[in-house]
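Input: a single structure, listed below in structure tokens.
Protein chains in written order, with the UniProt record's numbering: chain A, 1 to 282; chain B, 1 to 89.
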């Protein structure tokens, strides 16, 4: 231990050597004896100790090259260099991990989207959900589901919007038609746009709309009343889902909002290959 | 557009309709078919299975009047109704 410490440090350390220490102090303590002499204790002693301490100062960078090993002992110097090298590799690994994390957080968004589309989790539209399926689907006749309808309007929209039937009984795999009615009692043409909601949420992924009146601007002239149909079906796989065993009631809820002129609302859902067929007239 | 803000619970994701949006029937051209369908529903206790003929007719009316894109009826799930009205069960 003696080799590590520069001489002045040793003196400061051994100044505190207690009188009552068991065993004869070593040669280092005897060398340090000057500080135990009278006059070396008290405030004056400390100052002198500190001054001696001040005599040894940290080598400035100008005097020698940077990163000089702190020790003069060759064994410990190689050890120190070894530590430095290891520190450097660890630092490199940590920096690489940090950059990797940053990259992963950016990549997570499209990857998650891809994952959702392939597994169909979260009710997102599964790719390959085509009209061929409708052609070939077989109604599951023993599972009758009640669909209730709900109609809402946003406060700023003054339409009278209501369903034309309170409920309808369907079976999975069978296409069904339902009607809503909307009337514009004001004297100005109003454009509305609607969205829908299906409760319970898990059943919503089986609720497929073939055609409806949502997500596109619908214009009602003054005092005009129109019928708005919804053509939908429940996916036959609904009957095979164990989570849906107790689901007998599905509520379809439409809400109309007022659309501002020239506003283009983005369609919900992530997949951009969902093309809306343009209205054939109007 | 669900408002249930529970962390971890699946929320509802609205999906656009497969074939897009119905154009509005401003002139009520298919209103009679709709009335027939609604009457059928009311008579049959709102069972859709028994009123599929009427719904097929309503959609045919729409297609004739350019209020709906033309589609073969099989693609709309009415395959069994085209050939024979006998197995309407």
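Backbone N, C-alpha and C fix where the C-beta goes; we use that ideal spot for every residue, glycine too. This structure is a prediction, so every number in the text was calculated from the model and none was measured.
Using a Cβ-Cβ cutoff of less than 6 Å, which residues in the same chain neighbour residue i once the five nearest sequence positions on both sides are dropped?
i, result
"residue 249 of chain A", "146"
"residue 209 of chain A", "232"
"residue 238 of chain A", "172, 206, 244"
"residue 78 of chain B", "56"
"residue 65 of chain B", "29"
"residue 36 of chain B", "54"
"residue 293 of chain A", "Outside the displayed range of chain A (1 to 282) lies residue 293 of chain A, so it cannot be described from this structure."
"residue 213 of chain A", "228"
"residue 67 of chain B", "23, 25"
"residue 254 of chain A", "151, 194, 196"
"residue 138 of chain A", "173"
Throw me the rounded Cβ distance for the residue i and residue j pair, which I believe falls under 8 Å.
i, j, result
"residue 134 of chain A", "residue 75 of chain B", "6 Å"
"residue 220 of chain A", "residue 178 of chain A", "Contact doesn't hold; Cβ gap of about 19 Å is too wide."
"residue 242 of chain A", "residue 186 of chain A", "Rounded, the Cβ-Cβ distance is 49 Å, inconsistent with contact."
"residue 14 of chain B", "residue 195 of chain A", "6 Å"
"residue 247 of chain A", "residue 200 of chain A", "6 Å"
"residue 240 of chain A", "residue 190 of chain A", "That pair is no contact at about 44 Å."
"residue 48 of chain B", "residue 203 of chain A", "The pair is not a contact, with the Cβ atoms about 17 Å apart (cut-off 8 Å)."
Excluding sequence positions up to five away, which residues of its chain have a Cβ less than 7 Å from the Cβ of residue i?
i, result
"residue 70 of chain B", "63"
"residue 211 of chain A", "231"
"residue 235 of chain A", "172, 206, 208"
"residue 161 of chain A", "151, 153, 180, 182, 256"
"residue 86 of chain A", "none"
"residue 166 of chain A", "148, 149"
"residue 128 of chain A", "Because residue 128 of chain A sits at a pLDDT of 44, beneath the cut-off of 50, its placement in the model cannot be relied upon, and the following sentence gives the value as read from the coordinates. For residue 128 of chain A, where only same-chain residues beyond five positions count, there are no Cβ hits under 7 Å."
Are the Cβ atoms of residue i and residue j separated by less than 8 Å?
i, j, result
"residue 38 of chain B", "residue 164 of chain A", "yes"
"residue 12 of chain B", "residue 198 of chain A", "yes"
"residue 136 of chain A", "residue 251 of chain A", "no"
"residue 284 of chain A", "residue 26 of chain B", "Residue 284 of chain A is absent from the structure shown; chain A starts at 1 and stops at 282."
"residue 70 of chain A", "residue 80 of chain A", "yes"
"residue 256 of chain A", "residue 170 of chain A", "no"
"residue 226 of chain A", "residue 24 of chain B", "yes"
"residue 33 of chain B", "residue 58 of chain B", "yes"
"residue 41 of chain B", "residue 168 of chain A", "yes"
Going along the chain, which residues of its own chain have a beta-carbon closer than 8 Å to the beta-carbon of residue i, five neighbours each way excluded?
i, result
"residue 21 of chain A", "Because the pLDDT at residue 21 of chain A is just 49, under 50, the model does not fix this residue reliably, and the point stays unresolved."
"residue 81 of chain B", "52, 53, 56, 73, 88"
"residue 96 of chain A", "none"
"residue 188 of chain A", "222"
"residue 107 of chain A", "none"
"residue 17 of chain B", "none"
"residue 100 of chain A", "none"
Along the chain, where does the alpha helix (DSSP H) that runs through residue i open and close?
i, result
"residue 62 of chain B", "52-64"
"residue 253 of chain A", "Taken as a continuous stretch (DSSP letters only), residue 253 of chain A belongs to no alpha helix (DSSP H), being part of the beta strand (DSSP E) at 249-258."
"residue 33 of chain B", "31-43"
Which residues mark the beginning and the end of the beta strand (DSSP E) in which residue i is found?
i, result
"residue 227 of chain A", "225-234"
"residue 219 of chain A", "218-220"
"residue 206 of chain A", "That residue, residue 206 of chain A, is in no beta strand (DSSP E); it is neither H nor E in DSSP."
"residue 190 of chain A", "190-199"
* Taking only runs that begin and end inside the segment 120-186 of chain A, name each unbroken beta strand (DSSP E) of 3 or more residues, in chain order. => 145-153, 160-163, 167-170, 175-183
* To do: At 4 residues or longer, and completely inside the segment 93-117 of chain A: list those alpha helix (DSSP H) runs for me, N to C.
  => none
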